[in-house]
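Written out below as structure tokens is the structure these notes cover.
There are 2 protein chains.
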Amino acid sequence: MTKDRKGSVNARMVAKIAGVSQSAVSRTFTPGASVSPTTKAKIMRAAAKLGYRPNALARSLITNKSGIVGVVMSYLDNQFYPALLEKLVSRLRDHDYQVLLFTNFGNRDTDPVAEQVVQYQVDGLILASTTLSSELAEICTRSQIPVVLINRTTASDTVCSVVSNNERGGRLLAEYLIAGGHRRIGYIAGIHNSSTNRDRLAGLCSVLASSGLPEPIVAYGEYSLDSAARAARELLMLRERPDAIFCANDHMAFAVMDVARHEFGLRIPRDISIVGYDNAGPARWPSYDLTTVEQPVDGMADATVELLLGQIRGDKKVCRHVVLDGDLVIGSSARRPSDRA
Amino acid sequence: MTKDRKGSVNARMVAKIAGVSQSAVSRTFTPGASVSPTTKAKIMRAAAKLGYRPNALARSLITNKSGIVGVVMSYLDNQFYPALLEKLVSRLRDHDYQVLLFTNFGNRDTDPVAEQVVQYQVDGLILASTTLSSELAEICTRSQIPVVLINRTTASDTVCSVVSNNERGGRLLAEYLIAGGHRRIGYIAGIHNSSTNRDRLAGLCSVLASSGLPEPIVAYGEYSLDSAARAARELLMLRERPDAIFCANDHMAFAVMDVARHEFGLRIPRDISIVGYDNAGPARWPSYDLTTVEQPVDGMADATVELLLGQIRGDKKVCRHVVLDGDLVIGSSARRPSDRA
DNA sequence: CTGAAAGCGCTTACAG
DNA sequence: CTGAAAGCGCTTACAG
Numbered sequence: 012m013t014k015d016r017k018g019s020v021n022a023r024m025v026a027k028i029a030g031v032s033q034s035a036v037s038r039t040f041t042p043g044a045s046v047s048p049t050t051k052a053k054i055m056r057a058a059a060k061l062g063y064r065p066n067a068l069a070r071s072l073i074t075n076k077s078g079i080v081g082v083v084m085s086y087l088d089n090q091f092y093p094a095l096l097e098k099l100v101s102r103l104r105d106h107d108y109q110v111l112l113f114t115n116f117g118n119r120d121t122d123p124v125a126e127q128v129v130q131y132q133v134d135g136l137i138l139a140s141t142t143l144s145s146e147l148a149e150i151c152t153r154s155q156i157p158v159v160l161i162n163r164t165t166a167s168d169t170v171c172s173v174v175s176n177n178e179r180g181g182r183l184l185a186e187y188l189i190a191g192g193h194r195r196i197g198y199i200a201g202i203h204n205s206s207t208n209r210d211r212l213a214g215l216c217s218v219l220a221s222s223g224l225p226e227p228i229v230a231y232g233e234y235s236l237d238s239a240a241r242a243a244r245e246l247l248m249l250r251e252r253p254d255a256i257f258c259a260n261d262h263m264a265f266a267v268m269d270v271a272r273h274e275f276g277l278r279i280p281r282d283i284s285i286v287g288y289d290n291a292g293p294a295r296w297p298s299y300d301l302t303t304v305e306q307p308v309d310g311m312a313d314a315t316v317e318l319l320l321g322q323i324r325g326d327k328k329v330c331r332h333v334v335l336d337g338d339l340v341i342g343s344s345a346r347r348p349s350d351r352a
Numbered sequence: 012m013t014k015d016r017k018g019s020v021n022a023r024m025v026a027k028i029a030g031v032s033q034s035a036v037s038r039t040f041t042p043g044a045s046v047s048p049t050t051k052a053k054i055m056r057a058a059a060k061l062g063y064r065p066n067a068l069a070r071s072l073i074t075n076k077s078g079i080v081g082v083v084m085s086y087l088d089n090q091f092y093p094a095l096l097e098k099l100v101s102r103l104r105d106h107d108y109q110v111l112l113f114t115n116f117g118n119r120d121t122d123p124v125a126e127q128v129v130q131y132q133v134d135g136l137i138l139a140s141t142t143l144s145s146e147l148a149e150i151c152t153r154s155q156i157p158v159v160l161i162n163r164t165t166a167s168d169t170v171c172s173v174v175s176n177n178e179r180g181g182r183l184l185a186e187y188l189i190a191g192g193h194r195r196i197g198y199i200a201g202i203h204n205s206s207t208n209r210d211r212l213a214g215l216c217s218v219l220a221s222s223g224l225p226e227p228i229v230a231y232g233e234y235s236l237d238s239a240a241r242a243a244r245e246l247l248m249l250r251e252r253p254d255a256i257f258c259a260n261d262h263m264a265f266a267v268m269d270v271a272r273h274e275f276g277l278r279i280p281r282d283i284s285i286v287g288y289d290n291a292g293p294a295r296w297p298s299y300d301l302t303t304v305e306q307p308v309d310g311m312a313d314a315t316v317e318l319l320l321g322q323i324r325g326d327k328k329v330c331r332h333v334v335l336d337g338d339l340v341i342g343s344s345a346r347r348p349s350d351r352a
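Note that the protein sequences, when read in sequence, are chains C and B.
Quick note: to get this note's numbering, add 11 to the position in the first sequence (first position is 1).
Quick note: to get this note's numbering, add 11 to the position in the second sequence (first position is 1).
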């Protein structure tokens, strides 16, 4: 009784057709292994005839390398993430790694993710999720699976991370707003204990403080459209409403701009300035033309993959925290200093 | 010399600690296999102590099922796709399948994708890519890998597909535009030989014809923002410009609305009506509030996964083409029939 | 350069 | 219910 599913042509069959040993077939498909050109040619011909392709899973069993990297990304509605995902997939593929995607686990625990990550023997893990517990990272550390956090950092020295300089970006935006003549600044916060939110806010606050301005008026947007819209309403209904709103990311800024314009009839930037963070896709759509700070997606993806591959190759836990600068991107959603009233 | 990477705790070690055979360990982790409660308990304790997790790859080798489904999605900047991807991942996870993601292969051939798909022994493949050659689908058919096309269909009877009723959607939009008093309708086309583009256009044309109106004025947007913007300029610069533009998807409609408003100073829908297709995320953002036809993402994902799992379970090539209806979603980007001039 | 052999970590008939 | 054994498709020392 033969296996029914899969043509199931394996190295042994190819070997028989080519009149060589199964080892020779294996070597033919192992880059760098020693096979004579003649043998290789015979084997390739047989393989082509049978439609043979080596079973990557069987290979993994021996080599102890799956060629798979797990990417954990809690949600994809913020355009920044799909863009990042595309880059990560590209870079990883350049190095012959495939991507196992974990997303949309909602409120469920990340435990199941951890389970799968370990069971599927991923060679490494990229965590691109602001909301994820550090627990997963720890499980990986214990299982010896290299991990790199992206767009999230941690005090821990046991796990690498790649972020842009959010604190600096926060300062750039704050300085720009102040130069534009703003004095009452609102802040729509992202997820409370995310490092991006913390650092961007810290940047903003440090500049406000050194400029002798009051702390920002904070409302909570939690990085979601709905919460951000609610937070915007809260700020805009204040008796003394802010003259500028700093949103912890672009995704929220879009909702905030829409609430300001369509629910409160405000003109942007005449009546109020709004800035975001990321330079996500729609930030450059003319309807928003958002003033923001770019996150260098390409550079971040490159650095992440480089760090991860370094760890996979065994650079003994050269745990590094990479921080890349992102530029201020000036749009028309915030009053320009030159147009200062 | 022991393997260095991976704690590499395997079933044999667990067996030794628990004082049972390795088979018993395997059975404990195989749902439905027969193990006595006592044995199972001992094993679970040992497993927990060692941090044991079965190696899914080794299991695959035996069972000939990897538990992995490949999802091919050529690009993620159109928000419709990340949304679809999230749903697919969720549904597949509900059935204990992981997702290997293939995306962003740009202009490169899909051959490398095919190669990887086969090597990694995916149990099935979901093709959510309008631009992908049918070649990949064929390779899979030959390799006996179940395939389902989503948001794309084909005349071929050898491969299943799930789409929404694009022809009907095209008609709904056409009827709505005509009811709104529009007579000169422009069409910004998507990728030329994609079934979505073809069917939506066919719906539009059939209604125009039966209403005695001229064919639409066509420009080519290729489902990309830049091309769509160029196409919009082309149409809007015509001496007799259209009074409505039907964009083959929402993603292009956003760019088209922005060109109309910001480059041509047109008011929407007073000066021109614009409709899209998909009801992608930003379509419901107040700055666009697009009149469009919804693609039932949840239903499509459900149907796709169901079809795929059916094939995997061996429903002998019950090749089906599923077509789901999507509703008209009325926004303010097109003149309402009641406001008819 | 080549082949025979051992073994990666599992599952699964097969006996008991 | 349980264990010993065969085997999934491959890689990789080891001899030659």
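All C-beta atoms, glycine included, are put in the ideal place defined by N, C-alpha and C.
> What does B/N115 reach in chain C if we use C-beta pairs closer than 7 angstroms?
Replying inline: Within chain C, the residues E97, V100, S101 have their CB atoms less than 7 angstroms from the CB of B/N115, given in chain order.
>> Just checking C/V229 against the ligand GTP - is the residue's beta carbon closer than 6 angstroms to any of the ligand's heavy atoms?
In response: Judged by which ligands are present, the structure shown has none, so any question about the ligand GTP falls away.
> Using a C-beta to C-beta distance shorter than 9 angstroms, which residues of chain B count as neighbours of C/D88?
Replying inline: Residues of chain B passing the Cβ test: Q90, P93, A94, E97, G292.
> If the cut is a Cβ gap below 7 angstroms, which residues of chain B does C/D269 touch?
Replying inline: Here the neighbours are W296, P297, S298.
>> Between B/A166 and chain C, is the shortest Cβ-Cβ distance under 7 angstroms, so that the two count as touching?
In response: So no, B/A166 is outside the interface.
> Residue range of the alpha helix (DSSP H) that C/T165 falls in?
Replying inline: Element bounds for C/T165: n/a, residue is neither H nor E.
> With 16 other CB atoms within 10 Å as the buried threshold, where does B/A148 fall?
Replying inline: B/A148 is classed as buried because its beta carbon has at least 16 other beta carbons within 10 Å across all chains shown.
> Within the 7 angstroms Cβ cut-off, does B/M12 reach chain C?
Replying inline: Note that B/M12 scores a pLDDT of 29, beneath 50, so its modelled location is shaky and nothing firm can be said.
> Which one of C/C171, C/H193, C/S101, C/M55 has the shortest CA to CA distance from C/V333?
Replying inline: Of C/C171, C/H193, C/S101, C/M55, the residue nearest in Cα terms is C/C171.
>> Could you compute how far the alpha carbon of C/L103 sits from the alpha carbon of C/G135?
In response: As the crow flies, the alpha-carbon of C/L103 is around 11 angstroms from that of C/G135.
>> If the criterion is Cβ atoms closer than 7 angstroms, does the pair B/P307 and B/L335 meet it?
In response: In contact: B/P307 and B/L335 (Cβ atoms closer than 7 angstroms).
> For B/N89, is the classification buried or exposed, using 16 other Cβ atoms within 10 angstroms of its Cβ as the cut-off for buried?
Replying inline: By the 10 Å Cβ count, B/N89 comes out buried.
>> For B/L72, would you say it is in contact with chain C, using Cβ-to-Cβ distances shorter than 7 angstroms as the test?
In response: At least one chain C Cβ lies under 7 angstroms of B/L72.
>> As a quick exercise: from C/G325, C/E186, C/V133, C/V159, pick the residue whose alpha carbon is nearest that of C/S221.
In response: Of C/G325, C/E186, C/V133, C/V159, the residue nearest in Cα terms is C/E186.
> C/Q306 by DSSP, collapsed to three states: which one?
Replying inline: The answer is coil: DSSP assigns C/Q306 none of H, G, I, E or B.
> Comparing alpha-carbon positions, which option in C/R295, C/E317, C/L320, C/Y288 lies nearest C/F257?
Replying inline: With distances taken between Cα atoms, C/F257 lies closest to C/Y288.
>> If contacts are defined as beta-carbon pairs under 8 angstroms, then B/L319 and B/V80 qualify, I think. What distance do you get, rounded to the angstrom?
In response: Sure, about 7 angstroms apart at Cβ, within 8 angstroms.
>> List, in chain order, every chain C residue whose beta-carbon is nearer than 8 angstroms to that of B/Q130.
In response: The CB of B/Q130 comes closer than 8 angstroms to the CB of R64, P65, N66, A67 in chain C, given here in chain order.
> Would you call C/N66 buried or exposed, if buried means 16 or more other Cβ atoms sit within 10 Å of its Cβ?
Replying inline: The residue is buried, with at least 16 neighbouring Cβ atoms inside 10 Å.
>> Quick check on B/K60: buried or exposed, where buried means 16 or more other Cβ atoms within 10 Å of its Cβ?
In response: Here B/K60 is exposed. Its C-beta has fewer than 16 other C-beta atoms within 10 Å.
> Quick one: what's C/L10 bridged to in DSSP?
Replying inline: Because chain C is modelled from 12 through 352, residue 10 of chain C falls outside the range shown and cannot be assessed.
>> Taking the alpha carbon of C/R64 as the reference point, which residue from C/Y86, C/S71, C/A22 has its own alpha carbon closest?
In response: Scanning C/Y86, C/S71, C/A22 for the CA closest to the CA of C/R64 turns up C/A22.
> Under 7 angstroms Cβ-Cβ, which residues of chain C neighbour B/R172?
Replying inline: Here residue 172 of chain B turns out to be Ser, not Arg, going by the sequence shown. Here the premise fails: no neighbours, minimum Cβ distance about 22 angstroms.
> Under a CB-based cut-off of 7 angstroms, is C/Q127 close to chain B?
Replying inline: Yes, its Cβ sits closer than 7 angstroms to a Cβ of chain B.
>> Taking the alpha-carbon of C/T164 as reference, which of C/V340, C/I283, C/P42, C/R331 has the nearest alpha-carbon?
In response: Ranking C/V340, C/I283, C/P42, C/R331 by Cα distance to C/T164 puts C/R331 first.
> Does DSSP put B/D105 in a helix, a strand or coil?
Replying inline: For B/D105, the three-state secondary structure derived from DSSP is helix.
> Quick one, which of C/V229, C/I283, C/T302 has its alpha-carbon nearest C/A291's?
Replying inline: Of the listed residues, the one whose Cα sits closest to C/A291 is C/T302.
> Closest Cβ-Cβ distance between C/L112 and chain B: below 7 angstroms?
Replying inline: For C/L112, the answer is yes, since a Cβ of chain B falls inside 7 angstroms of its Cβ.
> Just curious, the alpha helix (DSSP H) that B/L68 is in, first and last residue?
Replying inline: For B/L68, the enclosing alpha helix (DSSP H) has its first and last residue at 67-74.
>> If we require 3 or more residues per run, which beta strand (DSSP E) segments fall completely within the segment 261-329 of chain B?
In response: Counting only runs of 3 or more, we get 284-286.
> How would you write the range of the alpha helix (DSSP H) that B/P24 sits in, first residue to last?
Replying inline: Contrary to the premise, residue 24 of chain B reads as Met rather than Pro in this sequence. Counting along the chain, B/M24 sits inside the alpha helix (DSSP H) bounded by residues 22-29.
> alpha helix (DSSP H) containing B/M84: first to last residue?
Replying inline: Run containing B/M84: none in the alpha helix (DSSP H); it sits in the beta strand (DSSP E), 79-84.
> Hey, would you say B/A239 sits closer than 7 angstroms to B/M263, going by beta carbons?
Replying inline: The answer is yes: Cβ separation under 7 angstroms.
> Cα separation between C/G253 and B/V124?
Replying inline: Checking the sequence shown, residue 253 of chain C turns out to be Pro, not Gly. C-alpha separation (whole angstroms): 52 angstroms.
> How is B/I137 classed by DSSP in three states: helix, strand or coil?
Replying inline: Of the three classes helix, strand and coil, the one that applies to B/I137 here is strand, per DSSP.
> Going along the chain, which residues of its own chain have a beta-carbon closer than 8 angstroms to the beta-carbon of B/S284, five neighbours each way excluded?
Replying inline: Contacts found: L188, G191, H193, D254, A255, I256, T302, S344, A345, R346.
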